[in-house]
Structure formats: structure tokens, C-alpha cells
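Here the sequence shown is numbered in this note's numbering, starting from 206 and rising by one per residue.
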Amino acid sequence: MKAVGIAALIPLYNHAATLEQVVAGVRRRLDPVIVVDDGSTDAAAAALARPRPGIHIIRHARNLGKGAAILSGAARADELGCRHVITIDADGQHFAEDIEAFLSAIAADPEAVVVGRRDFSATTVPRSSRFGRDFSNFWFRVQTGRKIGDSQSGFRAYPLKVLLAFKWREKRYAFENEVLVRAAWAGIRIREIPVNVHYPARHEHISHFHRLWDNLRLSFLNTRLTMRSMLPWPHDQVDGRGRPTAEPVSLLHPVRSLRRLLHENATPPQLALAVALGVLVGALPLLGLRGLLILMVTGYFRLNKVVALSAGNLCIPPFVPALCIELGYFLRHGRFLTEISLRTLGYQAPARLWEWGLGALLVGPGLALSFGLATWLLAETLSTRRRKTRREN
206 MKAVGIAALI
216 PLYNHAATLE
226 QVVAGVRRRL
236 DPVIVVDDGS
246 TDAAAAALAR
256 PRPGIHIIRH
266 ARNLGKGAAI
276 LSGAARADEL
286 GCRHVITIDA
296 DGQHFAEDIE
306 AFLSAIAADP
316 EAVVVGRRDF
326 SATTVPRSSR
336 FGRDFSNFWF
346 RVQTGRKIGD
356 SQSGFRAYPL
366 KVLLAFKWRE
376 KRYAFENEVL
386 VRAAWAGIRI
396 REIPVNVHYP
406 ARHEHISHFH
416 RLWDNLRLSF
426 LNTRLTMRSM
436 LPWPHDQVDG
446 RGRPTAEPVS
456 LLHPVRSLRR
466 LLHENATPPQ
476 LALAVALGVL
486 VGALPLLGLR
496 GLLILMVTGY
506 FRLNKVVALS
516 AGNLCIPPFV
526 PALCIELGYF
536 LRHGRFLTEI
546 SLRTLGYQAP
556 ARLWEWGLGA
566 LLVGPGLALS
576 FGLATWLLAE
586 TLSTRRRKTR
596 REN
């Protein structure tokens, strides 16, 4: 029995040789099947000329990119009353039998994006594909603070409202990376299931990935997403049905916006770690770079950026730097620095920076532990009181 409300979406570009096999395998499991011919120049158009029940054909007059093809197919699926689409590549690398696992995952969590994590144990898997997946997974972790096993897999299940809730900037190969990152930012769950994959021998494998242009697009995308992830401005939050789940931040509502900024990633342990991180980095002599490093690390570990930046300001001159310099000077010379003059702080500034860094290796962890523990105790106490008050009311 075929699933109801779930469409198969096959983006197609010059894969006439494998198209019939892919469509037939998918057709046995899903209805409708949407094939988006993204400007193919081979025999694919002829293969799609014969009308067949349950198969919907969309044609692009020219090649617009895989992302554009997926969005066209998603719009058609929405018109047909579907709630989800399962995307599968037309080159035959995916197995239609794995659709059953996607259907089970959708039934268990209908508001999640489900990604098929490909098995790369076969010797025929290109080395470039292994590297590309690991490289993409690394940037996904940097940009979202989440781990993923296969951020480049094209075998996925999307809630339609997720695809239709945003305006996507990428329309080609990089689209699938953008979707995962922005879905993670929006608070949408991302699930992975193991799937099989078939890579033919190198001389038989057809890939439309352009090593120059697609790598450039991915580089620009990763740069843009990484820079955005570092900003303390929160991302739009939606659920798997595309409905907003948090009030937007706006300069017109400063109090409400500040409240949301402070409550993001704000459990007692998260607040304690954010404060400890801010103090630890703030103690280092990274002139002009401390804020940038704090933003990068808090994004990686999904900590509150505003709290960490504020905690870092506890280490601004003169007290903490002076303490670090004195300790560093003592470690180097066996005595404390008692002369404060143009010579010791001006002409000998490089030596003082070295001593600052040396002292920060001891002062930073100590202050971070102290402030982090105090923050955790305070946050835990306030949280307990708040829960008690709610129960009493």
C-alpha cells in the first residue's frame, strides 16, 4: 500500500540511461511521482514524452540548477495536496527500496527533515565524494553546532512547508547545503537514516558537479553562512509546518528582543559554559580578535552569544590584564613587576604581551571556573524558584 500525502521528487538533468529504472522503482512505492527535467539535452525528454498515470512532468526550458528543480517539484507537490516530498537522484545511485525507511521515519517524526546517510564503505566510492562529504559535515557543525553524518546526500524527505517557508538564495548544487543549515537554525529537527548507495566504475559514472563553479558557489555559501552564524542576532524559528515558533527580533521592540536574545540557549549549564568561555577567551591578549573568537566558539557549541560576549567584557583592562601580566612577570623573573613607567609599559610592550599571555594561561581558567560555577548556581537557583512559583500558582 502506497503512502498518502507523500510525493517522490526526481530532479533530472541528462540521465536518460537510468531514468526509467529509477522511476519504475519509485513508482511502486509512492504516488505521485514528480520528475523535473532541468533542461536536459540528452534523450531524457523523449523518455518522458509518453504520459503515464501518477507521474507528473515539469520541464525547465534551460538548466536552472538542482535547487531550482527541487523547488519547482515542491510547488507542484503542494498543489497536489501532498505534505512531504522524498527527493531521489536520477542517476541511479540511490535504491528505491530505502524509501520504506523514509516512510517509517516520516511516520515517527513528520515535522523533521530526514537525510539518508550513504554507506561509503564500497571501494568504488570516489575519493572526492568522501572528502566532499567530510568537508561539508565540518562546515555544517561550525555553522549550526550540530553533528551530521552526510550533509551532501540528495536522498532526503522534506516537510513541504519547510521548503516553502523560506526564500532560498542558492538554486544549484549548494541548495541542499543551505536547506540543512537554515532548517537547523530554524529549530527543525534533522534525522538521519542509513541508506545504500551505488557508485559505478569511474568510466561509467556521470556527474554534473562542476569542480570550479560549484566549488566556488559552495565556498561563497559557507562563507556567508559562517559569517551569519557568528552574529548574535537570532535566526527565524519555524516548526515542521512552516509556522513561526518565536517572536522576531526587532529594533521597534527592544525589551522583547533583548529578552529573546538572553533566553536563547539559556539553560543553567549553557549559561555557565557561555560565561566561562567568555571569561576564558577574554583573559587572553587577543587584541581586536576576542569578540570574533567568542562568536565562533559559541556558535560551534550552541551557547548564548550575548552572554558570552558580556562575560568577556569582565576581562577588559585594567584589572584582569594587570593580574595576568604580574603573574606572567613573576613566572619569568621570580619577582613581581613594581615599576609602572613608559619604559616598562611602552618600550617593553612586546615583553608585557608575552607575560600577559603566560599569566592568562593560569588566570583565565581560574576565573572561568569561578564565574561559570557562580553563574550555574545562580541560574539553577532562579530556575528552581521559577518552577516552584509556577506550581504554587
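Quick reminder that beta carbons are idealized off the backbone N, C-alpha and C, glycines included.
#1: Less than 6 angstroms between C-beta atoms, sequence neighbours within five positions excluded: which residues of the same chain meet that for arginine 232?
#2: What residue range is occupied by the uninterrupted alpha helix (DSSP H) comprising isoleucine 499?
#3: Is it buried or exposed for tryptophan 418, if we count other Cβ within 10 angstroms and need 16 for buried?
#4: How far does the alpha helix (DSSP H) with valine 384 in it reach, from first residue to last?
#5: Taking the alpha helix (DSSP H) that glutamate 225 falls in, what are its first and last residues?
#6: Using the Cα positions of serine 326 and proline 570, report the straight-line distance between them to the nearest angstrom.
#7: Going by C-alpha distance, which of Ala471, Gln298, Ile262 is nearest histidine 331?
#8: How many angstroms separate the CA atom of proline 216 from the CA atom of valine 290?
#9: To the nearest angstrom, how far is the alpha carbon of arginine 595 from that of serine 309?
#10: Considering just the uninterrupted stretch of the beta strand (DSSP E) at threonine 153, what are its terminal residues?
#11: Tell whether a beta-carbon distance below 9 angstroms holds between leucine 508 and leucine 482.
#12: Tell me the rounded alpha-carbon separation between histidine 408 and arginine 387.
#13: Let's test the definition: count the other Cβ atoms within 10 Å of the Cβ of tryptophan 561 and tell me whether it reaches 16, buried, or not, exposed.
#14: Starting from valine 320 and walking both ways along the beta strand (DSSP E), at which residues does that stretch end?
#15: Using the DSSP secondary-structure output, state which residues sit across from alanine 212 in a beta bridge.
#16: Which residues does DSSP list as the beta-bridge partners of alanine 362?
#17: Going by beta-carbon coordinates alone, are leucine 542 and isoleucine 530 separated by less than 9 angstroms?
#18: How many Å lie between aspartate 355 and serine 434 at the Cα?
#19: Taking the Cβ atom as the reference point for each residue, do histidine 220 and valine 241 lie within a distance shorter than 9 angstroms?
#20: Return helix, strand or coil for alanine 579, following the three-state DSSP convention.
#21: Helix, strand or coil: how does DSSP classify aspartate 242 here?
#22: So valine 484 and alanine 516 are supposed to be a Cβ contact under 8 angstroms. How far apart are they, rounded?
#23: Taking the straight line between their C-alpha atoms, what separation do you get for serine 358 and valine 320?
#24: Taking a contact to mean a Cβ-Cβ separation below 9 angstroms, would you say glutamate 375 touches arginine 422 in this structure?
#25: Could you tell me if proline 258 is buried or exposed, where buried requires 16 or more neighbouring beta carbons within 10 angstroms of its beta carbon?
#26: Under the three-state reduction of DSSP, which class applies to proline 399: helix, strand or coil?
#27: Measuring CA to CA, which of Ala248, Asp296, Ile260, Asp283 is closest to lysine 271?
#28: Measure the C-alpha to C-alpha separation of leucine 583 and glutamate 597 and round it to an integer number of angstroms.
#29: What residues match up with arginine 264 in a beta bridge as DSSP calls it?
Straight from the coordinates:
#1: Residue 232 sits at position 27 when you count from the first residue of the sequence shown. Closer than 6 angstroms at Cβ, skipping near neighbours: Val238.
#2: Working through the sequence shown from its first residue, we reach residue 499 at position 294. 495-506 is the span of the alpha helix (DSSP H), which, as asked, contains isoleucine 499.
#3: Residue mapping note: residue 418 aligns to position 213 of the sequence shown, counting from 1. With fewer than 16 other Cβ atoms within 10 Å, it is exposed.
#4: Residue 384 sits at position 179 when you count from the first residue of the sequence shown. Residues 380-390.
#5: Here residue 225 is taken as the residue at index 20 of the sequence shown, counted from 1. Its alpha helix (DSSP H) spans residues 221-232.
#6: Your numbering for residue 326 matches position 121 in the sequence shown. Your numbering for residue 570 matches position 365 in the sequence shown. Their backbone Cα atoms lie some 42 angstroms apart in a straight line.
#7: As a working mapping, residue 331 is identified with position 126 in the sequence shown. A quick correction: the sequence has proline, not histidine, at residue 331. Comparing Cα positions, the closest option is Gln298.
#8: In the sequence shown, residue 216 corresponds to position 11, counting from 1. In the sequence shown, residue 290 corresponds to position 85, counting from 1. Their Cα atoms are separated by approximately 12 angstroms.
#9: Along the sequence shown, one-based indexing puts residue 595 at 390. Along the sequence shown, one-based indexing puts residue 309 at 104. Computed Cα separation, rounded: 38 angstroms.
#10: This structure leaves residue 153 out entirely; the chain is present only between 206 and 598.
#11: Taking the sequence shown and counting its residues from 1, one reaches residue 508 at position 303. Taking the sequence shown and counting its residues from 1, one reaches residue 482 at position 277. Yes, these two residues count as a Cβ contact at 9 angstroms.
#12: For the purposes of this step, residue 408 is taken as residue 203 along the sequence shown, with counting starting at 1. For the purposes of this step, residue 387 is taken as residue 182 along the sequence shown, with counting starting at 1. Unreliable placement is indicated for histidine 408, whose pLDDT of 47 sits below 50; no coordinate value is reported for it.
#13: Residue mapping note: residue 561 aligns to position 356 of the sequence shown, counting from 1. Counting Cβ neighbours within 10 Å, tryptophan 561 comes out buried, since at least 16 surround it.
#14: Numbered from 1 along the sequence shown, position 115 holds the residue referred to as residue 320. Segment 318-323, the beta strand (DSSP E) holding valine 320.
#15: Stepping through the sequence shown from its first residue, residue 212 is reached at position 7. Val290.
#16: As a position in the sequence shown, residue 362 is number 157, starting the count at 1. DSSP lists Ile291, Val319 as partners of alanine 362.
#17: Looking up residue 542 in the sequence shown gives position 337. Looking up residue 530 in the sequence shown gives position 325. Their beta carbons are under 9 angstroms apart, which means leucine 542 touches isoleucine 530 by this criterion.
#18: Translated into positions along the sequence shown, residue 355 becomes position 150. Translated into positions along the sequence shown, residue 434 becomes position 229. Rounded to the nearest angstrom, the two C-alpha atoms are 20 angstroms apart.
#19: For this step, residue 220 is matched to residue 15 along the sequence shown. For this step, residue 241 is matched to residue 36 along the sequence shown. Not in contact: histidine 220 and valine 241 (Cβ atoms no closer than 9 angstroms).
#20: As a working mapping, residue 579 is identified with position 374 in the sequence shown. Residue state, collapsed to three classes: helix.
#21: On the sequence shown, position 37 is the one that residue 242 refers to. Strand.
#22: Here residue 484 corresponds to residue number 279 of the sequence shown, with the count starting at 1. Here residue 516 corresponds to residue number 311 of the sequence shown, with the count starting at 1. So it is a contact: roughly 5 angstroms between Cβ atoms.
#23: Here residue 358 corresponds to residue number 153 of the sequence shown, with the count starting at 1. Here residue 320 corresponds to residue number 115 of the sequence shown, with the count starting at 1. Taking the straight line joining both Cα atoms gives about 7 angstroms.
#24: Within the sequence shown, numbered from 1, the residue matching residue 375 stands at position 170. Within the sequence shown, numbered from 1, the residue matching residue 422 stands at position 217. Yes, the pair counts as a contact, with Cβ atoms nearer than the cut-off.
#25: Taking the sequence shown and counting its residues from 1, one reaches residue 258 at position 53. By the 10 Å Cβ count, proline 258 comes out exposed.
#26: Position 194 of the sequence shown, counting from 1, holds the residue named residue 399. Correct three-state label for proline 399: strand.
#27: Within the sequence shown, the letter at position 66 stands for residue 271. Among Ala248, Asp296, Ile260, Asp283, the Cα nearest to that of lysine 271 is on Asp296.
#28: Locating residue 583 in the sequence shown gives position 378, counting from the first residue. Locating residue 597 in the sequence shown gives position 392, counting from the first residue. Computed Cα separation, rounded: 21 angstroms.
#29: The residue given as residue 264 occupies position 59 in the sequence shown. For arginine 264, which the question treats as bridged, DSSP gives the partners Asp242.
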